[in-house]
Amino acid sequence: MGIRYELREYEVDPEDLAAEAVAAKIGVPPGQLFKTLLAEGDRHGICIAVIPGDTELDLKALAAASGDRIVHLVPVKDLQKLTGYICGSVTALAARGGTTFS
112 MGIRYELREY EVDPEDLAAE AVAAKIGVPP GQLFKTLLAE GDRHGICIAV
162 IPGDTELDLK ALAAASGDRI VHLVPVKDLQ KLTGYICGSV TALAARGGTT
212 FS
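Sequential numbering of the sequence shown, starting at 112, is according to my numbering.
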């Protein structure tokens, strides 16, 4: 489709996967990176939120958007089982775990 992109490699520190740290390593503002966060709602189950790297997830807003009363972030230990990816590499574009997202 002719979409320009630039691959930026960096040394991954599994102890510091914060967007601010990654942004500094690749030389971009944290707001140009996006965090992919997995949450679970009380009514509709798992949902994925993609937010700018310099923001915090508003769980109440996510609950309202997903039709849930309450949502909570999925524990890091469960990410790979649900998505096929480890913390720091979760993507909304190609989640490949055994879970079907709706």
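Glycine included, C-beta positions come from ideal geometry on N, C-alpha and C.
On the three-state DSSP scale, how would you describe residue 202? Residue numbering aside, residue 202 sits at position 91 when the sequence shown is read from its first letter. Three-state result, residue 202: coil.
Does any residue of chain D have a CB that is nearer than 8 Å to the CB of residue 149? Looking at the structure shown, chain D is missing, and only one protein chain is on hand.
Does DSSP classify residue 167 as helix, strand or coil? Residue 167 sits at position 56 when you count from the first residue of the sequence shown. In the structure shown, residue 167 sits in coil (DSSP, three-state: anything other than H, G, I, E or B).
Measure the C-alpha to C-alpha separation of residue 166 and residue 113 and round it to an integer number of angstroms. Residue 166 sits at position 55 when you count from the first residue of the sequence shown. Residue 113 sits at position 2 when you count from the first residue of the sequence shown. Spanning the two alpha carbons is a distance of roughly 30 Å.
Helix, strand or coil at residue 137 [DSSP, three-state]: Position 26 of the sequence shown, counting from 1, holds the residue named residue 137. Of the three classes helix, strand and coil, the one that applies to residue 137 here is helix, per DSSP.
Status (buried if at least 16 other CB within 10 Å, exposed otherwise) for residue 158: Here the question's residue 158 lines up with position 47 in the sequence shown. Residue 158 is buried by the Cβ-count criterion.
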